[in-house]
Amino acid sequence: MDKTTWLFEDSQRADTGDEKGKVVLGKPRIEEPQRAQGEMRFEFPEDALEPSHPARMLWNVLGKMELAGFSKGCESVEGTAGRSVKSPRMLLTLWLYALSQAVGSAREIARLVRSDVAYRWIAGNVEISHQKLSQFRVGYGEALDELMTNILATLMNQGLLSLAVVAQDGTRTPAAASAPSFRSYGSLLQCREQAKLHVKAVLAAADDPEYTRAQHAARAAAAKDYQERVEAAIMTVAELQSQRRPSDSTARASTTDAQARVMKMGDGGFRPAYNVQYAVAGAEMGGPRTIVGVNVTNAGSDMGSLAPMVEQIEERTGQRPAVLLADGGHGKNEDIAATRRMGVDVIVPPAETAKTIEKLKAEDADAEVIAWRERMETDQAKQLYRARAGLVELANAQQKSHHGITQVLVRGAAKVTCVILLNAIGSNLLQHASRILG
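Heads up, the sequence shown is in the numbering used here, so the first residue is 1068 and it goes up one at a time.
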């Protein structure tokens, strides 16, 4: 048999399905997706998340908390006409879960509600817009503060929180403002005139058919908002300048966020920021960490922040810390003396340039300051101080790395405080959720 005949017979075997064939000449059978075919599905959204999922745990824990503060002033009541308000429990759970996943944008949360299983489970069948999420995040500062206090009270009652050791530290968080937005008084006066002209131009074009009614309203609101921010910056500059000496540099304020201040950041650079102070309670050997105090300021220094934090902790828990740890940046003598008079053992290392104990005694310094300096010479104080970093610096790191608050997206200290309170509440609930639920 010649070579040509052999090849022909072999191909015939392959075409007819002969097992000895080596070449498959038939068309591959492929299953393509069919999208025109109708189908019915039966789903139970409640079963979409496992019992230990963080979103479900946050929802369950919030169900045990008093949330009436988020419904104050609501005009829609049962039995009367009016649109129902969105569930505060749902909105809180969305924000707390989102922050735990390093999502801090209202637009991103609104998108995830349509695409992510956990977010869909939280929202259920309720439509939620990013505008509503944004309004909720900054519109309930008093209610968030009350919720924070209630959570700490619950932990105290269940024996899950001890104030034996509390550590405090501040972290500079970049503000929603840029360096070029800071202007001097003369430049701000020019901005004021420009803002007035812009508002007039926008209002004069109210009948322009090129824009819809909603677009006209949005343009007018934006123009007036800028005008208000310029006025706030002018007032801020005037106040700052009145506190400066003639030899000091000219005061400046931001037309984006008048309350933000340029601060020295951890990388050595200078940027507009807020100083976020945390007080964290926990055991020296590890275990759950609980944020027991939050304070947002526009001061670039941590000096003078110890006594106000102790007062806040007492207001929230009814107790003062037994021991308060802080780094050397908090070492202001007057503040330390005031804190010690409250009965708090202050563990703060003195600065390298601080006066010696002998010199303080010779100058008849405050007795509490001398007692603090003597306390810091003991091995026990040095041993206690080692727990500071593991307690509070962890909270600072989680804010930036795990909760996505590398820059605040809102303007003004009050609104920034709302964001930080949400972060603290979510952190505390996730730390203790399983214990609270029993």
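Where is the CB? At the ideal position from N, CA and C, for every residue including glycine.
- Task: Grab the span of the alpha helix (DSSP H) containing F1337 for me, first residue to last.
- Result: One-based indexing of the sequence shown puts residue 1337 at position 270. Run containing F1337: none in the alpha helix (DSSP H); it sits in the beta strand (DSSP E), 1337–1348.
- Task: Could you tell me if L1270 is buried or exposed, where buried requires 16 or more neighbouring beta carbons within 10 angstroms of its beta carbon?
- Result: In the sequence shown, counting from the first residue as 1, residue 1270 sits at position 203. Under this definition L1270 is an exposed residue.
- Residue(s) in a DSSP beta bridge with R1239: Taking the first residue of the sequence shown as 1, we reach residue 1239 at position 172. DSSP lists N1342 as partners of R1239.
- Secondary structure, alpha helix (DSSP H): runs of 4+ residues fully inside the segment 1110–1164: 1121–1129
- Under the three-state reduction of DSSP, which class applies to R1250: helix, strand or coil? Residue 1250 sits at position 183 when you count from the first residue of the sequence shown. Strand, per DSSP.
- Query: For I1487 versus V1390, is the C-beta spacing smaller than 8 Å?
  - Reply: One-based indexing of the sequence shown puts residue 1487 at position 420. One-based indexing of the sequence shown puts residue 1390 at position 323. Going by C-beta atoms, I1487 is not nearer than 8 Å to V1390.
- Item | Alpha carbon of K1263 to alpha carbon of V1413, nearest angstrom | As a first step, residue 1263 must be located in the sequence shown, where it is residue number 196. As a first step, residue 1413 must be located in the sequence shown, where it is residue number 346. Going by the C-alpha atoms only, they are around 53 Å apart.
- V1361 - containing beta strand (DSSP E), residue span: Here residue 1361 refers to the residue found at position 294 when the sequence shown is read from its first residue. V1361 -> beta strand (DSSP E) spans 1357–1364.
- Message: Just to confirm before moving on: does the CB-CB distance between P1417 and G1396 stay below 8 Å?
- Response: Residue 1417 sits at position 350 when you count from the first residue of the sequence shown. Residue 1396 sits at position 329 when you count from the first residue of the sequence shown. Against a cut-off of 8 Å, the Cβ pair of G1396 and P1417 comes out as no contact.
- Query: Excluding sequence positions up to five away, which residues of its chain have a Cβ less than 6 Å from the Cβ of F1337?
  - Reply: As a position in the sequence shown, residue 1337 is number 270, starting the count at 1. Closer than 6 Å at Cβ, skipping near neighbours: V1329, K1331.
- Whose CA, out of A1325, W1188, N1224, S1309, lies closest to the CA of A1246? Translated into the one-based positions of the sequence shown, residue 1246 becomes position 179. Of A1325, W1188, N1224, S1309, the residue nearest in Cα terms is A1325.
- Query: Ordered along the chain, which non-local residues of its own chain (more than five positions away) have a Cβ less than 7 Å from that of Q1498?
  - Reply: Position 431 of the sequence shown holds residue 1498. Around Q1498: P1355, R1356, T1357.
- Cβ-based neighbour list, E1213, same chain, cut-off 6 Å, excluding 5 preceding and 5 following: As a working mapping, residue 1213 is identified with position 146 in the sequence shown. Only G1136 meet the Cβ criterion.
- Item | Outcome for D1315 when other beta-carbon atoms lying within 10 angstroms are tallied against a minimum of 16 | The sequence position of residue 1315 within the sequence shown is 248, counting from 1. So D1315 counts as exposed.
- Task: Output the distance between the C-alpha atoms of Y1186 and Q1310, rounded to the nearest integer angstrom.
- Result: Taking the sequence shown and counting its residues from 1, one reaches residue 1186 at position 119. Taking the sequence shown and counting its residues from 1, one reaches residue 1310 at position 243. Computed Cα separation, rounded: 49 Å.
- Message: Per DSSP, what are the beta-bridge partners of L1391 in this structure?
- Response: Taking the sequence shown and counting its residues from 1, one reaches residue 1391 at position 324. Answer is V1233, V1413, bridged to L1391.
- Message: Can you give me the C-alpha to C-alpha distance between V1459 and G1237, rounded to a whole angstrom?
- Response: Sequence index remark: in the sequence shown, residue 1459 carries index 392 (1-based). Sequence index remark: in the sequence shown, residue 1237 carries index 170 (1-based). Those two C-alpha atoms are separated by around 9 Å.
- For the alpha helix (DSSP H) that M1302 lies in, which residues bound it at each end? Locating residue 1302 in the sequence shown gives position 235, counting from the first residue. From DSSP, the alpha helix (DSSP H) with M1302 extends over 1280–1309.
- L1427 and D1402 look like a contact to me (Cβ under 8 Å); what is the Cβ gap, rounded to whole Å? The residue labelled residue 1427 in the question sits at position 360 within the sequence shown. The residue labelled residue 1402 in the question sits at position 335 within the sequence shown. 16 Å between Cβ atoms; not a contact.
- Buried versus exposed call for D1334 [16 or more other C-beta atoms within 10 Å across all chains shown]: Residue numbering aside, residue 1334 sits at position 267 when the sequence shown is read from its first letter. By the neighbour-count rule (16 or more Cβ atoms within 10 Å), D1334 is not buried but exposed.
- Task: Measure the C-alpha to C-alpha separation of M1132 and V1304 and round it to an integer number of angstroms.
- Result: As a working note, residue 1132 is residue 65 in the sequence shown. As a working note, residue 1304 is residue 237 in the sequence shown. Rounded to whole angstroms, M1132 to V1304 spans 43 Å at the Cα level.
- Message: Tell me the DSSP secondary structure of K1331 in three-state form.
- Response: Here the question's residue 1331 lines up with position 264 in the sequence shown. Three-state DSSP puts K1331 in a strand.
- Does DSSP classify S1321 as helix, strand or coil? Counted from its first residue, the sequence shown places residue 1321 at position 254. Three-state DSSP puts S1321 in a strand.
- Short check: CB of I1492 to CB of M1215, under 8 Å? Position 425 of the sequence shown, counting from 1, holds the residue named residue 1492. Position 148 of the sequence shown, counting from 1, holds the residue named residue 1215. Contact: yes.
- Query: In terms of residue numbering, what span does the alpha helix (DSSP H) encompassing I1503 cover?
  - Reply: The count along the sequence shown starts at 1 and reaches residue 1503 at position 436. Here the alpha helix (DSSP H) through I1503 covers 1480–1504.
- Query: Who are the Cβ neighbours of V1266 in its own chain at under 7 Å, not counting the five residues just before and after it?
  - Reply: Position 199 of the sequence shown, counted from the first residue, corresponds to residue 1266. The residues are A1290, K1291, Q1294.
- Message: Can you tell me whether R1080 is helix, strand or coil according to DSSP?
- Response: As a working note, residue 1080 is residue 13 in the sequence shown. Bear in mind that a pLDDT of 48 at R1080, under 50, signals an unreliable position, so the number given afterwards is only what the model happens to contain. Three-state result, R1080: helix.
- To the nearest angstrom, report how far apart Y1164 and P1121 are at their CA atoms. Position 97 of the sequence shown, counted from the start, is the residue given in the question as residue 1164. Position 54 of the sequence shown, counted from the start, is the residue given in the question as residue 1121. Their Cα atoms are separated by approximately 7 Å.
- Item | Buried or exposed by the 16-neighbour rule on C-beta atoms within 10 Å, applied to A1244 | Numbered from 1 along the sequence shown, position 177 holds the residue referred to as residue 1244. Answer is buried; the Cβ neighbour count reaches 16.
- Is the number of C-beta pairs between the segment 1441–1452 and the segment 1164–1181 that are closer than 8 Å three or more? no
- Message: Our contact map puts R1319 next to S1251 with C-beta atoms below 8 Å; I'd like the distance itself, whole angstroms only.
- Response: Taking the sequence shown and counting its residues from 1, the one referred to as residue 1319 is at position 252. Taking the sequence shown and counting its residues from 1, the one referred to as residue 1251 is at position 184. Right, the Cβ-Cβ distance comes to about 5 Å (below 8 Å), so this counts as a contact.
- Item | Nearest candidate by alpha-carbon position, reference E1351, set L1504, V1184, M1376, A1231 | Position 284 of the sequence shown holds residue 1351. Of the candidates L1504, V1184, M1376, A1231, the one whose C-alpha sits nearest the C-alpha of E1351 is A1231.
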